[in-house]
Amino acid sequence: MKYTTNLNTPTFDNNGFATSNGWVMVYRANTETREYICADMERTVIGVSLSAGAYLDAPEVPNSADIAVCRSIDEKSWVNVPDFRGKTAYHIKTQQAKSIESIGELSSELTLLEPKTSFDKWDGKQWVTDLVEKQKHDLQQLEDQKQSLLNEAEQKIVKLERKVRLNMASQEEISLLREWEVYSIKLIELDISDIKKIDWPTKPE
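Heads up: the sequence shown runs through residues 594 to 798, numbered per the working numbering.
If you want it as structure tokens, here you go:
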């Protein structure tokens, strides 16, 4: 036949070398990561193999965005590999967040489950809040708050007492001194062991 509108489909020997010239559909993989890139046409020359990363067999496209298609290490087939790129994983011991940037299974020390509090501990399957540690932390926070308020009250009292001692205090300041002293005593006697029942005294104005 003088003319043809068909592409000449080449053939290959057992070693992967073309036995005829032509064009063939190939499926390309990244030569470093082996991840599937695209399909396109490649020109073949007798005695020459396909270019690096090009294969004749088509991969099956997965339905999940969490799956990547890669060429197997032995380059004989396409395989599905977990793909969590762009997601955040958390270290099961430190809770440190890490952005996933590569294809593959997560390290055994990482999980995609986000801890809810800084007191969460990993039990092998999920985060569980350590209520004892959380209570200790909350109590310490209250102790610190109470001490801060006591320090403030003490500063006010010392200043007002000095003015009273030097006969420089007004009646309003004398009354205010008593209010701060009462407030200070209430703080000292305040029981903060039960967080839900704490009734903070009103600060003098």
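Glycine included, C-beta positions come from ideal geometry on N, C-alpha and C.
Here T637 is buried: its Cβ has 16 or more other Cβ atoms, across all protein chains shown, within 10 Å. For the set E668, T687 and K691, the Cα lying nearest the Cα of R678 is the one of K691.
Counting C-beta pairs closer than 8 Å gives three or more between the stretch 605 to 620 and the stretch 633 to 648, which meets the contact rule. If you draw a straight line from the Cα of F712 to the Cα of V662, it comes to about 38 Å. For A746, the secondary structure class from DSSP, reduced to helix, strand or coil, is helix. If only uninterrupted beta strand (DSSP E) runs of at least 3 residues are considered, those enclosed by the stretch 712 to 772 are 713 to 715 and 720 to 722.
Shown here for L705: same chain residues with a beta carbon closer than 8 Å to its own, the five before and five after excluded, namely F677, K680, T681, A682, Y683 and L699 in chain order. Annotation for Y620: the continuous beta strand (DSSP E) segment containing it runs G615 to A622. By a beta-carbon distance limit of 8 Å, E754 contacts L770. Their separation comes to about 7 Å. Its Cα nearest to that of E668, the residue L649 stands out among Q688, L649 and I660. Take the alpha-carbon of I791 and the one of T710: they are about 23 Å apart. Beta-bridge partners of Y683 (DSSP): A690 and T704. Looking only at W773, E736, K739 and S665, the smallest Cα-Cα distance to K752 is reached by W773. With respect to the 7 Å criterion, L724 and I785 are not classified as neighbours on the basis of their beta carbons. Restricting attention to K789, M761 and P797, the CA atom closest to the CA of S777 is found in P797. By the neighbour-count criterion, in which 16 or more other beta carbons inside 10 Å mark a residue as buried, P655 falls on the exposed side. Per the coordinates, the alpha-carbon of I788 lies some 15 Å from the alpha-carbon of P794. When the Cα atoms are used, G717 and E628 turn out to be separated by approximately 31 Å. At least 7 Å separates the beta-carbon of K727 from that of V721. Between the beta-carbon of G609 and that of S644 there is about 11 Å, and that puts the pair past the 8 Å contact cut. Around the C-beta of A622, 16 or more other C-beta atoms lie within 10 Å, and the residue is accordingly described as buried. For A661, the enclosing beta strand (DSSP E) stretches over residues I660 to R664.
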